[in-house]
Every structure is written in C-alpha cells, then in structure tokens.
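Note that the protein sequences, when read in sequence, are chains Y and E. The number in my numbering is simply the position in the first sequence, starting from 1, with 431 added. The number in my numbering is simply the position in the second sequence, starting from 1, with 203 added. Below: the structure, in structure tokens.
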Amino acid sequence: MNALWIILTGSLVAASCGFLGCFLILRRMAMLGDAISHAILPGIVIAFLLSGSRDIMPMLIGAAVVGLITVLIVQLLSHHGVKTDAAIGVTFTALFSVGVILVSLFTAQVDLDLDCVLYGEIAYVPWDTWQWAGIDMGPRAAWGVGGVFLLSLLVIGLFFKQFKLCSFDPALAAAIGIPVVFFHYLLMTLVSLTTVAAFESVGAILVVAMLVVPSATAYLLTDKLHRMLWISMGVGVLCAVFGYALASWLDSSIAGAMTGVSGLLFLLAFLLSPRHGLVTRAWTRRKIKVSEPA
Amino acid sequence: MSILYTLQDPNTKWVLMGCIMLGISSGVLGCFAFLRGRSLVGDALAHAALPGVCIVYLLTGSKSIGLFLIGAGVAGLLATYSITAISRYSRIKEDTSLAIVLSVFFGIGIVLLTFIQHSASGNQSGLDKFLFGQAASLVHGDVITIMSVASVLLLLTTLLFKEFALLSFDPGFGRGLGYPMGLLDGLLMLMLLMSIVIGLQAVGVVLVAAMLIAPAVTARYWTDKLSRMVFLSGCFGALSGVLGTLISTQQENLPTGPTIVLSATCFFLFSLLFSPRRGILARLYRFVKLRNKVLVEDVMQSLYESLEELASRTRVGGVYLGISEDEIARKSGKSPAQVKRALAELRRRKWVVEREKAEGQAAWTFTSEGMKAAYPFILNQRLWDLYHMTQNQYLHVQIDQSREELAPQLTDEVLAQMLAQLEAYDLTPRLTESTPLYPMTGNNQGGVPL
Numbered sequence: 432m433n434a435l436w437i438i439l440t441g442s443l444v445a446a447s448c449g450f451l452g453c454f455l456i457l458r459r460m461a462m463l464g465d466a467i468s469h470a471i472l473p474g475i476v477i478a479f480l481l482s483g484s485r486d487i488m489p490m491l492i493g494a495a496v497v498g499l500i501t502v503l504i505v506q507l508l509s510h511h512g513v514k515t516d517a518a519i520g521v522t523f524t525a526l527f528s529v530g531v532i533l534v535s536l537f538t539a540q541v542d543l544d545l546d547c548v549l550y551g552e553i554a555y556v557p558w559d560t561w562q563w564a565g566i567d568m569g570p571r572a573a574w575g576v577g578g579v580f581l582l583s584l585l586v587i588g589l590f591f592k593q594f595k596l597c598s599f600d601p602a603l604a605a606a607i608g609i610p611v612v613f614f615h616y617l618l619m620t621l622v623s624l625t626t627v628a629a630f631e632s633v634g635a636i637l638v639v640a641m642l643v644v645p646s647a648t649a650y651l652l653t654d655k656l657h658r659m660l661w662i663s664m665g666v667g668v669l670c671a672v673f674g675y676a677l678a679s680w681l682d683s684s685i686a687g688a689m690t691g692v693s694g695l696l697f698l699l700a701f702l703l704s705p706r707h708g709l710v711t712r713a714w715t716r717r718k719i720k721v722s723e724p725a
Numbered sequence: 204m205s206i207l208y209t210l211q212d213p214n215t216k217w218v219l220m221g222c223i224m225l226g227i228s229s230g231v232l233g234c235f236a237f238l239r240g241r242s243l244v245g246d247a248l249a250h251a252a253l254p255g256v257c258i259v260y261l262l263t264g265s266k267s268i269g270l271f272l273i274g275a276g277v278a279g280l281l282a283t284y285s286i287t288a289i290s291r292y293s294r295i296k297e298d299t300s301l302a303i304v305l306s307v308f309f310g311i312g313i314v315l316l317t318f319i320q321h322s323a324s325g326n327q328s329g330l331d332k333f334l335f336g337q338a339a340s341l342v343h344g345d346v347i348t349i350m351s352v353a354s355v356l357l358l359l360t361t362l363l364f365k366e367f368a369l370l371s372f373d374p375g376f377g378r379g380l381g382y383p384m385g386l387l388d389g390l391l392m393l394m395l396l397m398s399i400v401i402g403l404q405a406v407g408v409v410l411v412a413a414m415l416i417a418p419a420v421t422a423r424y425w426t427d428k429l430s431r432m433v434f435l436s437g438c439f440g441a442l443s444g445v446l447g448t449l450i451s452t453q454q455e456n457l458p459t460g461p462t463i464v465l466s467a468t469c470f471f472l473f474s475l476l477f478s479p480r481r482g483i484l485a486r487l488y489r490f491v492k493l494r495n496k497v498l499v500e501d502v503m504q505s506l507y508e509s510l511e512e513l514a515s516r517t518r519v520g521g522v523y524l525g526i527s528e529d530e531i532a533r534k535s536g537k538s539p540a541q542v543k544r545a546l547a548e549l550r551r552r553k554w555v556v557e558r559e560k561a562e563g564q565a566a567w568t569f570t571s572e573g574m575k576a577a578y579p580f581i582l583n584q585r586l587w588d589l590y591h592m593t594q595n596q597y598l599h600v601q602i603d604q605s606r607e608e609l610a611p612q613l614t615d616e617v618l619a620q621m622l623a624q625l626e627a628y629d630l631t632p633r634l635t636e637s638t639p640l641y642p643m644t645g646n647n648q649g650g651v652p653l
C-alpha cells in the first residue's frame, strides 16, 4: 500500500511537472524553470516560520510570490544590461543561499532537513496523511500535488489556444491582442506552485529534472503540442514507476532514481525516436544511399 | 573581537588562504565564461561533478581532493560532451540540453550519494558536505591541493591571456589568424571545470557556479577593459571568499557556500546601483539630465521661432514684443509646467527675460546673451534639417550623424553651399545678436539693447 502511495505521488509530481515543462522548453525557458525551483526555497522557509506549520497553503503562497519575484528580478537585470544567463545565475544562487541560511539559522524551529531541500523525501510521504472528518484520506503530499495539477490542467485547458500561440509565436500572439506578458507570468505562477507542491516529494533540484526531461523526451517523439503534453505526462509516470523500482533495488533516493530513469528514457528517445532519433536518421540516410545507386 | 580571535586559529588561516585562492581563480576564469555566454555551463558542470565524486569514493574509499578532481573532471567532460551532442544532433535547444544534463547527472549523483550513505561503511563519509560546502571541513592537505591547482590555473590564464581574449570576443578572427580555437575552447572548459572542482568542498555543488558568475558580472560594471575586468573579478572573488568564510565561522552550523555567495551578491548589488558609468543610479541621473537638456533646447527653439515669425509679421527692424508661455507650450507641444520649468532654467542662465504685456500676461524674449547662445543652436538645427532633407546631395561628405554639431564637420565650401540653400528655402535664422529686441526708450538704457 505504501509503495502504491509513493508511486502515485511520484506519478502526480512527474505528470504535473512534465505537463508544464512542455511550455517551458518550447519558450526556451528551461533554465528559468531551474532558477525558480531553486529560488522558491526562501519563500517556503519564510512561510514556514510565519505560519509555524507544514500546511501547504502558506507554502504555496510564499513560493508563488518568490517565484514571481525571481522572474521579475531576472527580467529587471536583463533590462539593465546583464546578460540573461548571468542574470539567472546570480538571482537563483543568491535566493537559494538566503533559503539555506534561513534553514541553518532556524534549525530548531524549521522542520526542514537540508537533504530534504535537495532531493526530497518521497519515501516518507505515506506516513504524513491528511485527516478529514476523522477519515484517513491518504498522503497529504498526494493531495497537494494533485490539487495543483488539477489547477494547472484547468488553467491551461481554458487558455490552451493562447498558451499555444504564446509558446510558438509570441510576436504574432501580441499582434492579435493576446496579453503575452500576462500569460508569461501566469505560466510562471503555475510553475512556482507546481514546484513547491512537488518540493516535499522530490526536492528543489530534482523538480527541474521532472520539468525538463520528460517534456524534452516528448518533444523528440512528436510534432503536435497536445500529443507532446500527453506523452510528457506518460513519460513522467513511467519515471515514477521504474524510479521506485530502481530505488528499492539500490536502497537509494527515490527522486534521484526517478531522475536517472528519466535520463535513460530521454537517451532512448534521443537515439531511437521514429523521426528525430540519431540511429533512426542514420538508418534512413543509409537506406536512401542504398536505394539510389550511382 | 571574535573575528580577530578566529583569525588566531592556524586552521582558520589555512582555510582562509584556500578560500582566497579559490575566489581569485574562479573569479578570473568566470570572466571568460561570462564573456563566452557560458555562465550557466558552470552550473551544469558543478552539478555533473557529483556523480564523479561519488564513483571515485565508491571505487577507492578515500576522500582526497586530488582523486575527486579526477572523478569530477571525467564526469564534467562527459557532461560537456553530452550538452553539445544533445543540442547538435537533435532539435533540442541549448538551454534545454543544459537543464537535462544538469538535472540527470545530479539525479544520478544523488542516487549514488544516498546509496553510499545507506550502505554500512559510508555513513560517516561526510560526502554530503559537498552539497552546500563547509570550508571548516577542509584539512591542510586539501588546502595545499586547492592552492596549487589555483596557482596553475592562474599561471595558465596569464600565459594564454591574449588567446583567451581572442576566444572571448572574436573566435572567428582567431581562427583566421591560425590559433587552434577549438583546442583553446576545450582548454578553457577544462580549466573552468578544475576551478569548480576545487570549489566544491568550500562552496558546494549547488552554489559553486555563483563563484564563477557573480564576481565576473560585478567586475563588468567597473570597466570596459578585459585585463582590468579579470583583475577586478579576481579581487571580488577573493573578497567574497574571505567575507563568507569569516561570517560562516561566527555561527555554528552555517554552511560556507551560501555566505560566500551572498557576499558576492552584495558586491554585485552595490555595483549594480552605484557603479559610476553603468550603475542604475548613474544612468538615472544621466537620463534626467538629458531629458532636461532636451526640454530646455526645445523651449528655446520654440521661443526663437515664435519671435522670428513675429519679426517677419511686423516687418520692422526688431521685435519689441515677447511670447507668452501658452504660445510656447502650444508651439513646442510641452505641458505648461514643463515650459515654466525650462523658462526658469533659461532665466537662471540669464538667457531670457520676462516682460509685462498689456493684457497682463507675461511675455518672454531673449536677452542679447541668450540670443548669442540661441543663434548658433538654431543654425545648427536648421543645417541638420537641411542635411536630412537633401542628404543625397551630400553623399560625398563624411558626416558623423551621432555628433551634435554639424558645421565643424564641413569644409568651408560645403558650408557655404548649405547656407545658400538655407537662404533659398527661407530657413536662414533671421534673428541675430544685433536684432533689436527692446524698444528704444529715452529714459533708461539709452537705446542700447539689454
């Protein structure tokens, strides 16, 4: 039963990250996602210190605020002539440092382990359950991630056309009157929310893996956005299942193993994708060479 | 007092020396990474080093920096190669491939790390110090390794400075000159990797990239010259190292990495705000100054042209009337408040005076000093207008359009031609210093214009 809960939570994390990750990599903002996932740490710690509990709501708010602040700072710095990659690098490392220092200073009050910050503790998820009206409803983390996942499904579903256009041709989107900046920040808010919901399970850094790797794998497998979204979520679930298996075999971090599996799946797609795979393309080239003799 | 006390401790002295060398070497190399647009590659390399370090530990069971250097080096090279391979052989963009390699390598590293921690022997390995860095955990031998590697890196950078400068600014030109740019790029990557690896234990995997980025970005604010930038960046790196280490020794359980990074960030923020040329405050000041200058010039031009119109209408030798503020505002398109401000500034320079008109509204005109300033300004404006209207007649003349003054850029011959053309278009400024602007009255100035 516990294994099932862990796999379910992992799948939800991977699927919700993979879903949003598609839009991130299409807009070439993979590293911004990385930055957000690091930078929300101080938001979580401050929310934690203020509310004094591990309730998910204050953390979600804190993280969303800090996530948006990160995006704002990066944009402000680029606007003032700092190269974008350097701006991202300076911002997230500084915010992450603030978070780590806060955790270290308030170790007594903060029930956050620095290891947990980095790679989560999805293995403990089944024991932290949510009681509602006296009934055990299952792990809180699963509910949190599931709720955020539903929210992003809802938001993206409602504005699918707008998000699609903003991802592929922001200039055209702006020209026909879509508020591109608003959708940019909306997406960033969703990314921050998902990151913090996933934070407890997979930690700050491995969220990036779930954001980027399954969606990149999907990007190699299809040319259609809606198929890419489905495949990305599917790959995420596969990562969770096989990652759990690998981790219990090695007795190691589940989140790390999920990342490892996602890397493997990406490698497979990179080599064998029907249209974009390295091996497939070499094979096709050979066939063409053979079929037209001189 | 307590800082002085800490400095007495010989071990702290060693750690400080190590952090200083670390700051210098990563600051110096970070400049080249920054200029090559590779700031985040450092981040990826740092994350990728973790599995290398863990594998070395699993194989040898020792924790010496020298061995870790090799493991992290191999892992880093593999990561570099993967990043290039993914973006070259598939349609995945560079930033995504960076994020993929970073997170997958780090994930594998975490698997290995937890594997080591959970296995019986490795429980006390202290490998987790690598995640956030703990300078205090450096032992004498480590510091020696750090210092020698850093010295080699600095020596190499000094020797190959010219080549790296070429690589940073114009690799194509360098290739044309016959330098092996690919090889140099690889070497630079390898040196970056080494500076990251020696920083791992002090600053930690997650934050070591900041040591490459922050000092370089900070130095960029203070100079435009590469050699100075590299020097400054090294200094900022060293200072952050010292500050961060000292702060983290003051409080138990405070990892060194974050404090060093935050010190570096403080230097960056200070420069961002207060740097004399590129800082936000300096730029804001220049912007406001320029806006005021343009405003004053616009108002001056409107006043001049209104007076000119008046003079041509009245058909007498001079203009004895002034122009009202409303009229200037209408003509220049500025708000009344802006016009008032500009006129106040002009009056402060004693270029304009205010006169009471019959209807009770103030009217403005130039003083003779003001006319002396306004005439060449208007002439310059009109010459530029003419130049832009008839540019193809003057294609043979070298004109720098970014300069303010046109006349000094012209030969006498061309200037005469342009002046004649101005006259033909009826654009010659009609009011000069000698145009009487004040009525001749017997009682005060005796007919001399003010």
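Where a beta carbon is used, it is the ideal one built from N, C-alpha and C, also for glycine. This one's a predicted model, so the numbers in the text were calculated from it and none came from an experiment.
Name, going along the chain, the residues of the stretch 658–674 of chain Y whose beta-carbon falls closer than 7 Å to a beta-carbon of chain E.
-> Result list empty, no residue passes.
When you compare each of 218/E, 215/E and 231/E to residue 437/E by their alpha carbons, which one comes out closest?
-> Within the second sequence, residue 437/E is the residue found at index 234, counting from 1. Among 218/E, 215/E and 231/E, the Cα nearest to that of residue 437/E belongs to 231/E.
Identify every run of the alpha helix (DSSP H) within the stretch 457–535 of chain E, keeping only runs that are complete inside it and at least 4 residues long; order them along the chain.
-> Scanning the stretch 457–535 of chain E for uninterrupted alpha helix (DSSP H) segments of 4 residues or longer gives 459–477, 483–517 and 528–535, listed from N- to C-terminal end.
Is the shortest distance between the beta-carbon of residue 486/Y and the beta-carbons of chain E less than 9 Å?
-> As a first step, residue 486/Y is located in the first sequence; it is residue number 55 there, counting from the start. Taking a beta-carbon distance threshold of 9 Å, residue 486/Y does not count as an interface residue toward chain E.
Inter-residue Cα distance where the pair is residue 714/Y and residue 705/Y | Here residue 714/Y corresponds to residue number 283 of the first sequence, with the count starting at 1. Here residue 705/Y corresponds to residue number 274 of the first sequence, with the count starting at 1. Their Cα atoms are separated by approximately 11 Å.
Can you list, in chain order, the residues of its chain whose CB lies under 7 Å from that of residue 608/E, leaving out five sequence neighbours each side?
-> In the second sequence, residue 608/E corresponds to position 405, counting from 1. Within the same chain, Cβ atoms closer than 7 Å to the Cβ of residue 608/E are found at 583, the five residues on either side in sequence being excluded.
Contacting residues, own chain, Cβ-Cβ under 7 Å from residue 576/E (five flanking each side not counted) | The residue given as residue 576/E occupies position 373 in the second sequence. Taken in chain order, the residues that qualify are 554.
By how many angstroms is the C-alpha of residue 287/E removed from the C-alpha of residue 356/E?
-> Locating residue 356/E in the second sequence gives position 153, where the first residue counts as 1. Locating residue 287/E in the second sequence gives position 84, where the first residue counts as 1. Cα to Cα, the separation comes out at about 24 Å.
Output yes if chain E places a C-beta closer than 9 Å to the C-beta of residue 571/Y; else output no.
-> Numbered from 1 along the first sequence, position 140 holds the residue referred to as residue 571/Y. Under the 9 Å criterion on CB atoms, residue 571/Y is classed as non-interfacial with respect to chain E.
Starting from residue 569/E, follow its DSSP beta bridges and name the residues at the other end.
-> Position 366 of the second sequence, counted from the start, is the residue given in the question as residue 569/E. Beta-bridge pairing links residue 569/E to 555/E.
Is there contact here, the stretch 484–494 of chain Y with the stretch 639–650 of chain Y, by at least three beta-carbon pairs under 8 Å?
-> Taking one beta carbon from each stretch, the stretch 484–494 of chain Y and the stretch 639–650 of chain Y have fewer than 3 pairs nearer than 8 Å; the two do not touch.
Which whole runs of the alpha helix (DSSP H) in the stretch 476–563 of chain Y are 4 residues long or more, in chain order?
-> Taking only runs of at least 4 residues, the alpha helix (DSSP H) segments lying wholly in the stretch 476–563 of chain Y are 487–510, 515–536 and 545–550.
Would you say residue 260/E faces chain Y, with C-beta separation under 9 Å as the test?
-> To locate residue 260/E, count along the second sequence from 1; it is residue 57. Among the CB atoms of chain Y, none fall inside 9 Å of the CB of residue 260/E.
Starting from the beta carbon of residue 459/Y, find every residue of chain E whose beta carbon is closer than 8 Å, and list them in chain order.
-> Taking the first sequence and counting its residues from 1, the one referred to as residue 459/Y is at position 28. Ordered by position in chain E, the residues that pass the 8 Å Cβ test against residue 459/Y are 296, 298 and 299.
Look at the alpha carbon of residue 460/Y and the alpha carbon of residue 299/E, and state the distance between them as a whole number of angstroms.
-> The sequence position of residue 460/Y within the first sequence is 29, counting from 1. The sequence position of residue 299/E within the second sequence is 96, counting from 1. Here the alpha carbons of residue 299/E and residue 460/Y stand approximately 8 Å from one another.
Can you give me the Cβ contacts of residue 744/Y inside the same chain, cut-off strictly under 7 Å, excluding the 5 residues immediately before and after it?
-> The question about residue 744/Y has no answer, for chain Y in this structure spans 432 to 725.
Quick one: what's got a C-beta closer than 6 Å to residue 216/E's C-beta in the same chain, skipping five residues either side?
-> Here residue 216/E corresponds to residue number 13 of the second sequence, with the count starting at 1. Excluding the 5 residues flanking it on each side, residue 216/E has no same chain C-beta neighbour closer than 6 Å.
Which bits of chain E does residue 681/Y rub up against, with CB to CB less than 7 Å?
-> Position 250 of the first sequence, counted from the first residue, corresponds to residue 681/Y. The CB of residue 681/Y comes closer than 7 Å to the CB of 314 and 318 in chain E, given here in chain order.
Note down, in chain order, each residue of its chain lying with its Cβ closer than 7 Å to the Cβ of residue 247/E, except the 5 sequence neighbours on either side.
-> On the second sequence, residue 247/E is found 44 positions in, with the first residue counted as 1. Answer for residue 247/E: 282, 286, 301, 304 and 305, listed in chain order.
Just the C-alpha distance for residue 616/Y and residue 500/Y, rounded to the nearest angstrom, thanks.
-> For this step, residue 616/Y is matched to residue 185 along the first sequence. For this step, residue 500/Y is matched to residue 69 along the first sequence. Straight-line Cα distance between these residues: approximately 10 Å.
So, is the C-beta of residue 478/Y closer than 9 Å to a C-beta in chain E?
-> Taking the first residue of the first sequence as position 1, residue 478/Y is located at position 47. Not one chain E Cβ lies under 9 Å of residue 478/Y.
Could one say the Cβ of residue 293/E lies closer than 9 Å to chain Y's Cβ atoms, at least one of them?
-> Indexing the second sequence from 1 puts residue 293/E at position 90. Interface residue, yes.
Return helix, strand or coil for residue 602/E, following the three-state DSSP convention.
-> Translated into the one-based positions of the second sequence, residue 602/E becomes position 399. Three-state result, residue 602/E: coil.
Since residue 464/E meets chain C, which of its residues come closer than 7 Å, beta carbon to beta carbon?
-> Checking the listed chains, one finds no chain C in this structure; the protein chains it contains are Y and E.
Hey, out of 610/E, 359/E and 411/E, whose CA is closest to residue 244/E's CA?
-> By 1-based counting over the second sequence, the position of residue 244/E is 41. With distances taken between Cα atoms, residue 244/E lies closest to 411/E.
Determine the direct distance from the alpha carbon of residue 211/E to that of residue 293/E, and round the result to whole angstroms.
-> Within the second sequence, the letter at position 90 stands for residue 293/E. Within the second sequence, the letter at position 8 stands for residue 211/E. The alpha-carbon atoms of residue 293/E and residue 211/E are separated by roughly 57 Å.
Anything in chain Y within Cβ reach of residue 246/E, meaning under 7 Å, just list it in chain order.
-> Mapped onto the second sequence, residue 246/E falls at position 43. Proximity of chain Y to residue 246/E at the Cβ level (cut-off 7 Å) is accounted for by 520, in chain order.
Determine the closest residue to residue 574/Y out of 454/Y, 594/Y and 629/Y, with distance taken between C-alpha atoms.
-> The count along the first sequence starts at 1 and reaches residue 574/Y at position 143. Closest option to residue 574/Y, judged by alpha-carbon separation, among 454/Y, 594/Y and 629/Y: 629/Y.
Do residue 459/E and residue 448/E have their C-beta atoms within less than 9 Å of each other?
-> Start at 1 with the first residue of the second sequence, and residue 459/E comes out as number 256. Start at 1 with the first residue of the second sequence, and residue 448/E comes out as number 245. Cβ distance < 9 Å, so residue 459/E and residue 448/E count as in contact.
Helix or strand or just coil, what does DSSP make of residue 569/Y?
-> Locating residue 569/Y in the first sequence gives position 138, where the first residue counts as 1. In the structure shown, residue 569/Y falls within a strand segment according to DSSP collapsed to helix, strand and coil.
Examine chain Y for any beta-carbon lying closer than 9 Å to the beta-carbon of residue 305/E, and answer yes or no.
-> Here residue 305/E corresponds to residue number 102 of the second sequence, with the count starting at 1. Interface residue, yes.
Three-state secondary structure assigned by DSSP to residue 682/Y = The sequence position of residue 682/Y within the first sequence is 251, counting from 1. Of the three classes helix, strand and coil, the one that applies to residue 682/Y here is coil, per DSSP.
Using alpha carbons as the reference points, say which of 556/E, 503/E, 515/E and 605/E lies closest to residue 579/E.
-> Locating residue 579/E in the second sequence gives position 376, counting from the first residue. Per the Cα distances, 503/E.
Mapping DSSP to helix, strand and coil, what is residue 186/E?
-> Chain E is shown from 204 up to 653; residue 186/E falls before or after that span and cannot be answered.
Residue 608/E - containing alpha helix (DSSP H), residue span | Translated into positions along the second sequence, residue 608/E becomes position 405. It is not in any alpha helix (DSSP H) - residue 608/E carries neither H nor E in the DSSP assignment.
From residue 508/Y to residue 627/Y, what distance separates their C-alpha atoms?
-> Here the question's residue 508/Y lines up with position 77 in the first sequence. Here the question's residue 627/Y lines up with position 196 in the first sequence. The alpha-carbon atoms of residue 508/Y and residue 627/Y are separated by roughly 25 Å.
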